[in-house]
Amino acid sequence: MTSTDRPVFRFAPSPNGELHLGHAYSALINHAMARANNGRFLLRLEDIDRERCTKAFERQVLDDLVFLGIEWDEEPRRQSDHFADYAAALESLAAEELVYPAFMTRGEIRSFAERYREENGHDWPRDPDGAPLYPGFDRKVSTAARERKMAAGERFAWRLDMEKAIEFVPALHWQESGEGPSGETGDIRANPMQWGDVVLGRMDIPTSYHLSVVVDDALQGVSDVVRGRDLFFSTSVHRLLQSLLGLPSPRYHHHDLILGSDGRKLSKSAQDTSLRALREAGMKREDIVRMVGLREVLSEVF
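Numbering of the sequence shown is given in the UniProt record's numbering, commencing with residue 1 and proceeding in unit increments.
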């Protein structure tokens with residue numbers, strides 16, 4: 001990005017539930033940083049999960065953002081409209097033999113990890129989110145055997161061959177202006193190996209969160225990714241994919257999370273209090289800004 005370019009920020013919710021205070025916090029920070037830096041603010045709807053994402057939730061997302069006083073600078077990008085972009089990226093990785101079809105389900109992976117602990121007395125490795133790493137058995141299956149399984153209709157996911165992928169790239173870093181969970185900031189060395197063979201697509205959807213987010217950020221010209229600290233370690237995978245696909249690397253800023261009274265991260269799945277419910281209870285925009293401590297945070301950022 002040259003000095004004459006305007007920075008580009010984005011807020012990228014999934015319309016699979018109602019927004020809560022954590023989403024409001026992230027959206028408001030992105031919007032404020034974009035405006036303070038004479039930048040552009042984009043809205044992306046990450047709706048690749050076609051079963052859980054609905055138009056009703058999408059309308060609620062848009063309504064909540066308007067309530068927060070947030071304006072976006074072009075039409076929202078809906079990921080479900082751009083599967084061809086993700087399929088092309090996945091195909092380019094397949095052409096380098098960096099992905100393979102993996103047939104173990106998440107339940108089977110968990111069962112394997114449990115058996116491993118029982119038999120060996122210590123845990124099978126887990127990723128930063130706490131899920132057991134994929135054992136990689138399907139990585140060694142012959143092409144003919146894979147094709148038979150796929151022809152028979154067995155469900156599978158496209159996984160990145162992490163060991164092979166890392167051989168393709170030099171040491172990776174990113175610039176962090178926020179903080180990681182242990183206070184990491186500045187020049188951060190990526191460690192994608194800690195994630196193992198991550199999912200990049202499925203048999204019916206040619207993408208995953210990791211793949212679509214790096215493709216979208218590049219196609220939308222995003223220069224600054226501002227998001228929750230829970231995604232700090234995912235940046236290692238994103239830097240690897242950016243390098244493999246020849247995509248630019250944005251600057252990153254991982255911010256604090258809004259926690260519930262029990263100290264855990266707010267979640268749609270846990271049905272934490274939504275913005276809609278707070279609005280129906282009579283809350284105003286300034287009440288939300290005060291609740292998430294936005295003014296104090298922005299005084300530190302700027």
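Using N, Cα and C, we set each Cβ at its ideal position, and we do this for glycine too.
Leaving out the 5 sequence neighbours to the left and right, which residues in its chain are closer than 6 angstroms to Ala34 when beta-carbon positions are compared? Phe9 and Phe41
Under 8 angstroms between the Cβ atoms of Arg78 and Asp49? Contact flag unset, no.
Glu184, enclosing alpha helix (DSSP H) - first and last residue: No alpha helix (DSSP H) contains Glu184, which DSSP labels as neither H nor E.
So if DSSP puts Arg285 in a beta bridge, which residue, or which two residues, is it bridged to? Residue pairing of Arg285 in beta bridges, as defined by DSSP: absent, with no partner found.
Ends of the beta strand (DSSP E) at Val199? Taken as a continuous stretch (DSSP letters only), the beta strand (DSSP E) holding Val199 covers Val199 to Arg202.
Here's a check: name, in chain order, each residue in its chain whose Cβ is nearer than 7 angstroms to the Cβ of Met203, leaving out the five neighbours to either side. Arg155 and Phe156.
Residues in its own chain within less than 7 angstroms of Ala27 by CB, not counting five upstream and five downstream? Phe11, Leu65, Leu68 and Ile70
Looking only at its own chain, which residues have a Cβ that is under 6 angstroms from the Cβ of Pro7, when we skip the five neighbours before and after it? These residues qualify, in order along the chain: Asn37, Gly39, Ser223 and Asp224.
By the three-class DSSP mapping on this structure, what secondary structure does Leu45 have? Looking at Leu45 - three-state DSSP - the assignment turns out to be strand.
Report yes if the CB atom of Pro135 is closer than 8 angstroms to the CB atom of Met162, and no otherwise. Against a cut-off of 8 angstroms, the Cβ pair of Met162 and Pro135 comes out as no contact.
Given Val61 as reference, the closest of Leu247, Ala277, Ala281 and Gly282 once Cα atoms are compared: Comparing Cα positions, the closest option is Ala277.
Need the endpoints of the beta strand (DSSP E) that Phe11 sits in, please. Val8 to Phe11
Just to confirm, is the Cβ distance from Pro101 to Arg146 under 8 angstroms? yes
If you draw a straight line from the alpha carbon of Leu231 to that of Val214, how long is it in whole angstroms? 13 angstroms
To which residues of the same chain is Asp217 closer than 7 angstroms at the C-beta, ignoring the five residues directly before and after it? Counting only Cβ-Cβ distances below 7 angstroms, and skipping sequence neighbours, we find Val225 and Pro250.
Bridge partners for Ile70 per DSSP, in chain order? BP columns for Ile70 are empty, so no partner.
How close, in whole Å, do the beta carbons of His238 and Gly180 come, if the pair is a contact with beta carbons under 8 angstroms? With a Cβ gap of about 14 angstroms, His238 and Gly180 do not count as contacting.
Under three-state DSSP, which class holds Ser234? Three-state DSSP puts Ser234 in a helix.
Mark Glu18 as exposed unless 16 or more other C-beta atoms lie within 10 angstroms of its C-beta, in which case mark it buried. In summary, Glu18 is buried, with 16 or more beta-carbon neighbours lying within 10 Å of its beta-carbon over all protein chains present.
What whole-angstrom Cβ distance do Tyr252 and Thr273 have, given they're in contact under 8 angstroms? Not a contact, Cβ separation roughly 29 angstroms.
With a threshold of 7 angstroms on Cβ separation, who are the neighbours of Arg52 within its own chain once the five nearest residues in sequence on each side are excluded? Asn16, listed in sequence order.
Could you tell me which uninterrupted alpha helix (DSSP H) segments, each at least 4 residues in length, are contained entirely in the region 45-126, listed from first to last along the chain? Runs of the alpha helix (DSSP H) inside the region 45-126: 55-67, 83-95 and 106-120.
Around the Cβ of Pro125, are there at least 16 other Cβ atoms within 10 angstroms (buried) or fewer (exposed)? By the 10 Å Cβ count, Pro125 comes out exposed.
State the DSSP-derived secondary structure class of Ala218, mapped to helix, strand or coil. helix
Residues bridged to Arg227 (per DSSP): His254
Which of helix, strand or coil DSSP assigns to Pro192: helix
Identify the continuous beta strand (DSSP E) that holds His20 and give its terminal residues. From DSSP, His20 is part of no beta strand (DSSP E); its letter is neither H nor E.
Please determine, among Asp129, Thr207 and His23, the residue with the shortest C-alpha to C-alpha distance to Gln194. Asp129
Could you check the C-alpha separation between Ala270 and Leu21 for me, to the nearest Å? A caution first: Ala270 carries a pLDDT of 47, below 50, which makes its placement in the model too unreliable to give a value.
For the pair the region 83-101 and the region 158-173, tell me if three or more CB-CB distances fall below 8 angstroms. Enough Cβ pairs lie closer than 8 angstroms, so yes.
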